[in-house]
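The structure appears below as structure tokens.
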Amino acid sequence: MKNNILDVKGLLVGQAENKEGKTGVTVVIIPQGGVCGVDVRGSAPGTRETDLLDPINAIEKVNAVVLSGGSAFGLEAASGVMQYLEEKKLGFDVGPTTVPIVPQAVLFDLSYGDYRCRPDKKMGYQACENATDKMLEEGSVGAGCGATVGKLYDMQCCTKSGIGSFAQTLENGITVGAIIAVNAFGDVLENGKIIAGTTNPEKTDFIDTEKTMLQMACTPSFHGKNTTIGIIATNASLTKAEAKKIAGMAHDGLARAIRPIHTTLDGDTLFCLSTGEIKTQKPIVDLIGTLAAKVTEQAVIRAVKKANS
Numbered sequence: 002m003k004n005n006i007l008d009v010k011g012l013l014v015g016q017a018e019n020k021e022g023k024t025g026v027t028v029v030i031i032p033q034g035g036v037c038g039v040d041v042r043g044s045a046p047g048t049r050e051t052d053l054l055d056p057i058n059a060i061e062k063v064n065a066v067v068l069s070g071g072s073a074f075g076l077e078a079a080s081g082v083m084q085y086l087e088e089k090k091l092g093f094d095v096g097p098t099t100v101p102i103v104p105q106a107v108l109f110d111l112s113y114g115d116y117r118c119r120p121d122k123k124m125g126y127q128a129c130e131n132a133t134d135k136m137l138e139e140g141s142v143g144a145g146c147g148a149t150v151g152k153l154y155d156m157q158c159c160t161k162s163g164i165g166s167f168a169q170t171l172e173n174g175i176t177v178g179a180i181i182a183v184n185a186f187g188d189v190l191e192n193g194k195i196i197a198g199t200t201n202p203e204k205t206d207f208i209d210t211e212k213t214m215l216q217m218a219c220t221p222s223f224h225g226k227n228t229t230i231g232i233i234a235t236n237a238s239l240t241k242a243e244a245k246k247i248a249g250m251a252h253d254g255l256a257r258a259i260r261p262i263h264t265t266l267d268g269d270t271l272f273c274l275s276t277g278e279i280k281t282q283k284p285i286v287d288l289i290g291t292l293a294a295k296v297t298e299q300a301v302i303r304a305v306k307k308a309n310s
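Under our numbering, residues 2 to 310 are what the sequence shown spells out, in order.
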């Protein structure tokens with residue numbers, strides 16, 4: 002067991018980044034295709050193909066999900082992923098070619114590194130070339146390369162963050178894993194204690210963003226410069242509607258680990274993927290959703306710990 006999202010068989014994860022520009026791409030590829038749902042809770046999202054994931058819409062399976070930095074500019078990375086998958090003949094068959102189905106979410110990292118450096122088509126393609134089911138690097142890599150947390154005072158007193166992953170397998174063989182790029186406005190907590198977030202000017206201690214905001218009795222004036230994005234994956238068979246519900250339940254894991262969360266300053270977005278390996282007869286949405294929240298919380302914690310280790 003790897004104790005990360007790669008414990009869900011049938012997935013490949015690839016990452017690429019520009020460490021000088023402090024931005025990057027993480028792609029989860031499902032070569033056989035997977036059912037996908039999405040739940041957007043933050044008020045400043047940057048996304049691609051999320052309407053397609055609505056249970057009332059026609060396409061049933063996706064071929065990859067992309068997480069990236071670069072704000073809306075980073076949406077270009079999905080074009081590189083599409084090129085790679087088309088070359089592999091993975092996608093929706095339309096006759097003369099296949100059209101890869103590739104949803105994406107982005108986070109805002111333009112204020113941390115070089116704002117002129119954004120994930121592009123080339124970086125998206127490179128992430129696919131790096132995709133593997135053997136190992137997964139965490140911390141300041143991929144979509145988490147330019148991630149930060151604790152931005153009550155914008156970037157002056159923030160803490161470095163990154164991307165983290167965690168998974169758990171139940172006795173019945175059902176596995177649920179998460180990979181989360183943590184770029185939150187709020188602080189990250191473990192067992193009720195702040196482990197990353199807004200610091201005092203001397204960088205010697207955390208000031209507690211939530212408590213300070215309540216004392217200020219106002220919302221900071223800067224907007225849309227954050228966003229925590231991620232992918233939940235399971236080997237249990239799900240419908241699109243069930244995947245959407247589980248993506249929503251997984252947000253509880255963000256709420257346990259990040260305070261405050263889902264603000265107008267964030268575009269928090271979670272996808273849920275199902276490889277369909279295990280067919281179940283009994284309703285399992287609540288079971289998988291509960292576990293999804295648990296692994297999401299741990300992935301958030303790992304992201305900041307790995308980035309600062």
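For every residue, glycine included, the Cβ atom is placed at its ideal position computed from N, Cα and C. It should be emphasised that the depicted structure is a prediction, and the values quoted were computed from it without experimental measurement.
Using the Cα positions of residue i and residue j, report the straight-line distance between them to the nearest angstrom.
i    : j    : result
Q299 : A59  : 34 Å
L255 : G92  : 31 Å
T240 : V36  : 7 Å
R144 : A79  : In the sequence as displayed, the identity of residue 144 is Ala instead of Arg. Near 13 Å, if we compare the C-alpha coordinates of A79 and A144.
G81  : E50  : 15 Å
E251 : A293 : In the sequence as presented, Glu is not what sits at residue 251; that position holds Ala. Rounded to the nearest angstrom, the two C-alpha atoms are 5 Å apart.
G27  : A197 : Checking the sequence shown, residue 27 turns out to be Thr, not Gly. In a straight line, the C-alpha of T27 is about 22 Å away from that of A197.
S275 : T98  : 25 Å
G15  : M136 : 10 Å
E21  : P120 : 13 Å
C146 : M156 : 15 Å
Q253 : H263 : It should be noted that the sequence gives Asp, not Gln, for residue 253. Straight-line Cα distance between these residues: approximately 11 Å.
D287 : I247 : 8 Å
F54  : R303 : Strictly speaking, residue 54 in this sequence is Leu, with Phe absent from that position. Going by the C-alpha atoms only, they are around 28 Å apart.
T228 : K90  : 33 Å
I259 : L86  : 35 Å
E130 : I31  : 14 Å
L257 : G151 : One point to set straight first is that residue 257 is Arg, not Leu, in the sequence displayed. Roughly 15 Å separates the two Cα atoms.
S141 : M124 : 16 Å
K122 : D134 : 23 Å
K283 : I230 : 30 Å
Y126 : G11  : 20 Å
I57  : V100 : 20 Å
T291 : D94  : 35 Å
T281 : E88  : 34 Å
P261 : G71  : 23 Å
N4   : P221 : 37 Å
I195 : D206 : 10 Å
G75  : I289 : 31 Å
G277 : N19  : 34 Å
G249 : V301 : 16 Å
E61  : D52  : 12 Å
Taking all protein chains shown into account, decide if residue i is buried (16 or more other Cβ within 10 angstroms of its Cβ) or exposed.
i    : result
E172 : exposed
I102 : buried
A132 : buried
R117 : exposed
I6   : buried
V29  : buried
M83  : buried
L153 : buried
T24  : buried
E139 : buried
L215 : exposed
Q105 : buried
E77  : buried
For residue i and residue j, which I take to be in contact (beta-carbon distance under 8 Å), what is that distance rounded to the nearest angstrom?
i    : j    : result
G174 : I279 : 6 Å
N309 : K204 : That belief does not hold up - the Cβ atoms of N309 and K204 are roughly 12 Å apart, past 8 Å.
V9   : T235 : 6 Å
M2   : T170 : 7 Å
N201 : C158 : 7 Å
G34  : V63  : 7 Å
V183 : A148 : 6 Å
G47  : A73  : 5 Å
I232 : L68  : 7 Å
A17  : A128 : 4 Å
I285 : A242 : Not a contact, Cβ separation roughly 13 Å.
K306 : L266 : With a Cβ gap of about 23 Å, K306 and L266 do not count as contacting.
Is there at least one non-hydrogen atom of the ligand MG closer than 7 Å to the beta-carbon of residue i?
i   : result
K20 : As presented, the structure is devoid of all ligands, the ligand MG included, so that no description of it is given.
Three or more C-beta pairs below 8 Å linking the segment 261-270 and the segment 43-60: yes
So does the segment 177-187 actually touch the segment 293-310, counting three or more Cβ pairs closer than 8 Å? yes
Which runs of the beta strand (DSSP E) spanning at least 3 residues fall entirely within the segment 193-257, listed in chain order? 194-197, 230-237
I'd like to know if the segment 98-109 and the segment 163-170 are in contact, where contact means that at least 3 CB-CB pairs between them fall below 8 Å. no
Is the segment 207-216 touching the segment 183-199 in the sense that three or more CB pairs, one from each, lie closer than 8 Å? yes
Going residue by residue through the segment 81-166, where are the continuous beta strand (DSSP E) segments of at least 3 residues, counting only ones entirely within it? 105-107
For the segment 19-52, list the beta strand (DSSP E) runs that are entirely contained and at least 3 residues long, ordered along the chain. 24-41
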